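See below for the structure under consideration.
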Amino acid sequence: DGGITQSPKYLFRKEGQNVTLSCEQNLNHDAMYWYRQDPGQGLRLIYYSQIVNDFQKGDIAEGYSVSREKKESFPLTVTSAQKNPTAFYLCASSTTGRPYEQYFGPGTRLTVT
Amino acid sequence: GQNIDQPTEMTATEGAIVQINCTYQTSGFNGLFWYQQHAGEAPTFLSYNVLDGLEEKGRFSSFLSRSKGYSYLLLKELQMKDSASYLCARGGDSSYKLIFGSGTRLLVRP
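Heads up: the protein sequence lines correspond to chains A and B, in order.
The number in our numbering is simply the position in the first sequence, starting from 1, with 193 added.
The number in our numbering is simply the position in the second sequence, starting from 1, with 15 added.
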């Protein structure tokens with residue numbers, strides 16, 4: 194079955210540590226995205242990539258980094274520079290042609306204490 | 016959300032009909048999406064409108080008026096499982112990059 198996987202579902206880290214969230218898709222989509230969602234809020238775009246070895250900052254990229262070395266994979270690193278990293282992180286992918294609906298992974302809930 | 020407005024919360028009764036409105040900035044418009052998100056889960060795609068009019072898909076319908084920058088999601092024969100957040104999103108200037116609203120939390124009561 195095609196889809197997007199994110200692991201782990203829950204992640205706990207101490208303040209000051211970098212942490213990498215994984216995202217893998219086997220939908221053969223060119224575009225991939227990372228969103229952050231805070232309680233009762235909508236989705237805010239962190240980074241997106243439309244092709245291997247290329248990615249663009251979204252609205253809230255500060256304190257985050259990404260890589261896109263393979264079409265299937267788009268890991269997100271939450272660095273110690275991110276001031277408020279506790280949130281629900283969602284990865285998505287889409288085609289780059291219409292209707293380009295985004296398919297979401299199950300999400301990773303990160304708690305930093 | 017960036018230039019997208021939708022009500023924060025709505026309440027409706029099981030078996031009834033509810034309409035969730037969404038208004039958006041019309042410049043650079045490139046399609047309108049509706050997603051459903053249950054608490055703690057990922058959003059799932061419901062509908063996509065790029066032309067004016069009504070798109071019907073079972074109990075759910077979505078309407079778009081491009082000139083007014085307005086869309087609505089209509090849910091008929093409400094069921095308890097329809098209690099969720101409903102996210103409105105528009106295609107932005109970069110075509111496939113979506114801009115999401117803050118979502119409407121719908122509570123369905125018996």
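The beta-carbon is built from N, C-alpha and C at its ideal position, and this holds for glycine as well.
Being a predicted model, the structure only gives us computed values, none of them experimental.
If we count the other Cβ atoms within 10 Å of its Cβ and call it buried at 16 or more, is residue i buried or exposed?
i: A/Pro-201; result: exposed
i: B/Gly-16; result: Only weak support is given to the placement of B/Gly-16: the predicted model assigns it a pLDDT of 45, under 50, and the question is left unresolved by the model.
i: A/Gly-298; result: buried
i: B/Asp-67; result: exposed
i: A/Leu-214; result: buried
Quick check on residue i: does DSSP put it in helix, strand or coil?
i: B/Leu-20; result: The identity of residue 20 of chain B in the sequence shown is Asp, whereas the question assumes Leu. Here B/Asp-20 sits in strand by DSSP.
i: A/Asp-247; result: strand
Mind checking if residue i is an interface residue toward chain A, Cβ cutoff 7 Å exclusive?
i: B/Ala-54; result: no
i: B/Tyr-63; result: yes
i: B/Ala-99; result: no
i: B/Asn-18; result: no
Which residues in chain A sit within 7 Å of residue i, going by Cβ to Cβ distance?
i: B/Ser-117; result: Gln-234 and Gly-235
Note down, in chain order, every chain A residue with its Cβ under 8 Å from the Cβ of residue i.
i: B/Pro-22; result: Chain A residues near B/Pro-22: none, gap ~13 Å exceeds 8 Å.
i: B/Leu-102; result: Gly-235 and Leu-236
i: B/Gly-68; result: Within 8 Å Cβ-Cβ: nothing; B/Gly-68 doesn't reach chain A, min ~16 Å.
i: B/Gly-46; result: Arg-291, Pro-292 and Tyr-293
Check this for me: beta carbons of residue i and residue j, under 7 Å apart or not?
i: A/Thr-279; j: A/Thr-301; result: no
i: A/Gly-256; j: A/Ala-274; result: yes
i: A/Gln-218; j: A/Thr-289; result: no
Check the Cβ of residue i against every Cβ in chain B and list those closer than 7 Å, keeping chain order.
i: A/Tyr-241; result: Lys-112
Just checking: is the beta-carbon of residue i within a distance shorter than 7 Å of some beta-carbon in chain B?
i: A/Glu-161; result: As displayed, chain A neither begins before 194 nor continues past 306, which places residue 161 of chain A out of reach and without an answer.
i: A/Pro-201; result: no
Using a cut-off of 9 Å between C-beta atoms, extract the partners of residue i located in chain A.
i: B/Phe-60; result: Glu-294, Gln-295, Tyr-296 and Phe-297
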